[in-house]
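Asker: Just so we're aligned, residue 32 is where the sequence shown starts under the numbering used here, counting upward by one. Beta carbons are placed, not taken as given, at the ideal position from N, Cα and C, and that holds for glycine.
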Amino acid sequence: MINKELMDPQSIVVVGGSNSIFKPAGKALKNIIDKGYQGKLYVVNPKEDIVQGITSYRNAEELEHADLAIIGIPAPFVVDSVKTLAEKCGVKAFIILSAGFSEVGGKGLEAEKEIVRICNENNASLIGPNCTGILTPTYSGIFAGPLPKLNPKGCDFVSGSGATAAFIIEEGMAIGLQFASMFAVGNSAQNGVEEVLEYWDNNFDAQTSSRIKLIYMENIKKPSKFLKHASSLINKGCKIAAIKSGSSSAGSRAASSHTGALASADVLIQSIFNKAGIIRCEGREELVQVAGVLCQNELEGKNIAIITQAGGPGVMLTDVLSKGGLEIPHLEGKYCDELLEELYDGSAVGNPIDFLATGSAEQLGTIIDYCENKFENIDGMAVIFGDPELVDVRPAYKVISDKIKECKKPIYPILPSMTTGAERIKYFTEELERVYFPDELGVGKAIVNIFNTPKPVIKEGSVKIDNEKIRSIIESCENGYISPESIQNLLDASGISRAKEGVVDSKEAAIKLAEEVGYPLVMKVVGPIHKSDVGGVVLNVNSPEEVEKEFDRMIQIKDTTAILIQPMLSGTELFVGAKAEGDFGHLILCGLGGIFIEVLKDTSSSLIPVGKKEAEGMIKSLKSYKIIEGVRGSEGVNIDKFVEIIIRLSALLEVAPEIQELDLNPLLGNANTVTAVDARIRIEK
């Protein structure tokens with residue numbers, strides 16, 4: 032719960048505020064004063080009468096009222112302070128800078144829980160503990176610098192780490208990035224990243240709110256809330272870029288299924304980001320570069336003109352954009368001839384447009400005008416303009432700034448002379464208030480990242496399945512891997528095509544079933560988890576004699592309880608699987624099946640529910656998609672049937688959340704159908 036008292040307090044008390052700006056509460060107090068807070072300001076310090084020019088109370092009980100309390104005292108004294116301020120002084124918002132709570136465990140964890148209880152009972156909003164504070168248009172309640180000049184159209188930023196927030200802000204300010212607000216949520220005892228997203232979403236104003244949201248997070252504690260509000264903000268026209276650290280910690284956990292082994296923490300995070308439409312960044316620099324790109328007009332196509340004074344940077348930028356799926360189209364024709372007449376001898380306009388180190392500000396403006404108005408196959412421009420200190424480049428920087436404002440197509444200014452041109456770059460970022468990029472590869476990768484981030488998933492209608500029958504089957508099963516018969520019934524109730532098959536536990540029954548299924552056929556052991564590893568799969572069985580021989584051999588394999596008999600089918604081996612991921616719900620993965628899943632590990636994934644368009648996107652994003660389509664005359668897979676399997680599996684998982692792991696591997700696909708040949712399902716009630 033983020034309330035008005037936290038965002039726009041009329042009065043603030045700093046508990047532990049001191050004359051030393053080397054203490055968190057003292058520095059926070061100084062920042063509040065220096066940034067011109069207009070409300071009433073109080074201090075509680077038992078040893079001081081005047082703190083930084085503010086009258087100090089010896090204890091919190093002397094204070095009549097405050098909207099917000101910023102607390103920076105030793106952890107053992109925080110609970111009593113919060114209790115007094117909430118119950119006797121009517122404080123409705125707390126920012127607790129103090130450390131020593133859940134991050135240390137034990138008594139610290141218990142104290143944090145008590146603070147949350149007090150805040151909840153008094154309808155008070157809490158940020159922290161163990162945080163650096165927040166920045167809003169009203170006040171700078173933070174002790175870690177630097178403090179950016181806030182702009183309502185700048186970036187909103189929330190971070191689970193105060194130090195990381197400070198580093199990102201500093202890096203952003205260096206390239207001219209502006210901020211609208213900043214939350215460092217620390218331990219997120221009551222309000223974390225999800226609640227900040229919720230606040231941004233519920234209070235979004237299309238006219239006044241920032242449309243760029245930045246996130247640094249180490250945990251997604253409330254996946255449903257995170258996905259709901261991130262998707263909502265993006266659908267309202269916002270862009271969200273985020274770093275999620277710690278994504279490899281669960282990568283080596285033991286798993287008994289192919290899906291379990293492939294469904295790493297990183298896959299899970301990528302799936303939720305894809306579903307919401309969040310631009311995923313790997314580090315601070317990438318986050319800042321992406322934010323800078325988002326500050327420009329949106330790229331409506333994929334064709335980029337590179338305008339440069341130097342050949343090398345233009346070539347390197349061409350490489351990174353081309354490898355990322357964007358185009359650097361060749362320019363030719365009468366407009367190119369006209370443009371070339373405006374430039375110095377030796378210039379080139381084929382794209383990259385190289386107008387030499389001696390090129391003027393006027394020539395730069397002309398090139399941009401041609402790209403904006405005459406070159407119809409150009410959707411955006413990257414301008415590389417160095418500063419060799421031969422001339423004053425500020426007129427050129429002014430041209431770039433003016434054109435950014437005038438043009439509908441985005442312009443990405445790359446100003447690489449950070450040392451020789453430091454003063455002129457400062458002119459660009461501070462006087463002209465523009466974002467610049469110091470490195471062509473960094474901005475190139477950011478453009479590629481944004482271009483390749485999927486749009487938010489639009490919820491689609493689900494397919495019809497037999498919910499009642501599915502629930503009946505699940506309720507009749509014990510925990511663990513369920514029987515082949517139960518699996519067959521679940522697939523039938525879900526409308527998932529499967530091979531005709533049966534399970535037998537005697538030689539006589541095996542021969543009879545083989546005649547019904549028809550030769551050639553496949554025999555598989557029931558019981559062992561990885562059948563192929565123990566010799567528990569036999570293909571192309573063609574006679575009753577072979578059935579008898581293989582039954583006698585296979586029934587003796589360790590853990591085998593019966594034998595599964597199926598028809599021998601042909602087609603491309605595919606895979607679809609699912610794994611329960613706690614509060615995230617179920618993760619569905621798909622790819623090539625059989626041994627390919629272990630060798631190639633080429634899968635795509637999504638969280639349920641999965642609709643038709645999303646399932647199509649999963650399949651088409653596979654590196655092996657060309658194989659699935661059919662290459663060199665080989666028969667392709669019926670993509671519609673593959674899509675249908677995924678969305679029917681999604682529907683099954685919604686009805687049967689007890690399913691913990693599920694493998695359909697392999698599925699055999701051809702031009703007409705996709706059929707489940709082998710399946711394993713584990714449930715946990």
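Going by alpha carbons, who is nearest to Ala336 out of Asp368, Gly355, Tyr366 and Val380?
Answerer: The shortest C-alpha separation from Ala336 is found at Val380.
Asker: Spatial neighbours of Asn483 within its chain, please: C-beta separation below 8 Å, excluding the five flanking residues on both sides.
Answerer: Gly355 and Gly356, listed in sequence order.
Asker: Across which residues does DSSP place Cys186 in a beta bridge pair?
Answerer: BP columns for Cys186 point to Phe210 and Ile243.
Asker: Please report how far the alpha carbon of Leu623 lies from the alpha carbon of Thr592, in whole angstroms.
Answerer: Between Leu623 and Thr592, the C-alpha separation is close to 29 Å.
Asker: Which residues in the same chain have their Cβ closer than 8 Å to the Cβ of Pro439, if we skip the five residues on either side of it in sequence?
Answerer: Checking the sequence shown, residue 439 turns out to be Lys, not Pro. Same-chain partners within the cutoff: Asn328 and Glu403.
Asker: According to the neighbour-count rule (16 or more other Cβ atoms, all chains shown, within 10 Å of its Cβ), is Glu464 buried or exposed?
Answerer: Exposed is the call here.
Asker: Rounded to a whole number of angstroms, what is the C-alpha to C-alpha distance between Ala286 and Ala710?
Answerer: In this prediction, Ala286 scores a pLDDT of 38, lower than 50, which makes its location untrustworthy; no coordinate-derived value is stated.
Asker: Does DSSP classify Asn573 as helix, strand or coil?
Answerer: Reduced to three states, the DSSP call for Asn573 is coil.
Asker: For a minimum of 4 consecutive residues, which ranges assigned as the alpha helix (DSSP H) are wholly contained in the segment 152-186?
Answerer: Fully enclosed alpha helix (DSSP H) runs of 4 or longer: not present.
Asker: Could you check if Gln5 is buried or exposed, using at least 16 other CB atoms within 10 Å of its CB as the buried criterion?
Answerer: This structure gives no information on residue 5, because the portion of the chain shown stretches from 32 to 716.
Asker: Per DSSP, what are the beta-bridge partners of Val44 in this structure?
Answerer: Tyr73 and Ala100, per the DSSP bridge assignment.
Asker: According to DSSP, simplified to helix, strand and coil, what is Val553?
Answerer: Of the three classes helix, strand and coil, the one that applies to Val553 here is strand, per DSSP.
Asker: Keeping to the same chain, check which residues put their C-beta closer than 7 Å to that of Trp231; ignore five residues upstream and five downstream.
Answerer: Cβ neighbours of Trp231 beyond the five flanking positions: Asp187, Lys244 and Leu264.
Asker: What does the alpha-carbon distance come out to for the pair Gln41 and Lys252?
Answerer: C-alpha separation (whole angstroms): 32 Å.
Asker: Would you identify the three-state DSSP class for Tyr467, choosing helix, strand or coil?
Answerer: Here Tyr467 sits in coil by DSSP.
Asker: Output yes or no for whether 9 Å exceeds the beta carbon distance between Leu116 and Ala97.
Answerer: The answer is yes: Cβ separation under 9 Å.
Asker: For Asn34, which three-state DSSP category applies?
Answerer: DSSP places Asn34 in coil when its eight states are reduced to three.
Asker: Secondary structure at Lys439, three-state DSSP: helix, strand or coil?
Answerer: Correct three-state label for Lys439: coil.
Asker: With 16 as the cutoff for other CB atoms within 10 Å, does Ala237 come out buried or exposed?
Answerer: Flag for Ala237 reads exposed.
Asker: Just list the residues that DSSP pairs Ala261 with in beta bridges.
Answerer: Paired residue(s): none; Ala261 is not in a bridge.
Asker: When you measure from the CB of Asp433 to every non-hydrogen atom of the ligand ADP, does any distance come out below 8 Å?
Answerer: As presented, the structure is devoid of all ligands, the ligand ADP included, so that no description of it is given.
Asker: How far does the beta strand (DSSP E) with Arg311 in it extend, from its first residue to its last?
Answerer: Counting along the chain, the beta strand (DSSP E) containing Arg311 begins and ends at Ile310 to Cys312.
Asker: With a 10 Å radius around its C-beta and 16 neighbouring C-beta atoms as the bar for buried, classify Lys657 as buried or exposed.
Answerer: It is exposed - the Cβ of Lys657 has fewer than 16 other Cβ atoms within 10 Å.
Asker: Exposed or buried, what is Ile560 when buried is set at 16 or more other beta-carbons lying within 10 Å of its beta-carbon?
Answerer: So Ile560 counts as exposed.
Asker: Under a three-way DSSP split, which group does Ser51 fall into?
Answerer: Coil.
Asker: Would you list the residues sitting across from Pro709 in a DSSP beta bridge?
Answerer: The sequence given here has Asp at residue 709, not Pro. For Asp709, which the question treats as bridged, DSSP gives no partner whatsoever.
Asker: Could you tell me which residues DSSP pairs with Lys275 in its beta bridges?
Answerer: Per DSSP, Met248.
Asker: Buried or exposed for Asp376, going by 16 or more other Cβ atoms inside 10 Å?
Answerer: Classification for Asp376: exposed.
Asker: Compute the Euclidean distance between the alpha carbons of Ser590 and Gly558, then round it to the nearest angstrom.
Answerer: First, the residue type needs correcting, since residue 590 is Asp and not Ser in the sequence shown. Near 5 Å, if we compare the C-alpha coordinates of Gly558 and Asp590.
Asker: Could you tell me the distance, in whole angstroms, from the CA atom of Cys326 to the CA atom of Ile398?
Answerer: Rounded to whole angstroms, Cys326 to Ile398 spans 22 Å at the Cα level.
Asker: Given that a residue counts as buried once 16 or more other Cβ atoms are within 10 Å of its Cβ, and exposed if not, what is His289?
Answerer: Unreliable placement is indicated for His289, whose pLDDT of 42 sits below 50; the coordinate value is still reported in the next sentence. His289 is buried by the Cβ-count criterion.
Asker: Span of the alpha helix (DSSP H) holding Tyr230?
Answerer: Its alpha helix (DSSP H) spans residues Val224 to Asn233.
Asker: Go ahead and label Ile650 buried or exposed: buried means 16 or more other beta carbons lie within 10 angstroms of its beta carbon, across all protein chains shown.
Answerer: Buried, since its Cβ has 16 or more Cβ neighbours within 10 Å.
Asker: Assuming contact is defined by CB atoms lying nearer than 9 Å, are Tyr467 and Ile481 in contact in what I supplied?
Answerer: No, Cβ-Cβ distance for Tyr467 and Ile481 is not below 9 Å.
Asker: Three or more C-beta pairs under 8 Å: does that hold for the segment 76-87 against the segment 133-148?
Answerer: At 8 Å Cβ cutoff, the stretches do not touch.
Asker: Rounded to a whole number of angstroms, what is the C-alpha to C-alpha distance between Glu462 and Val110?
Answerer: Between Glu462 and Val110, the C-alpha separation is close to 47 Å.
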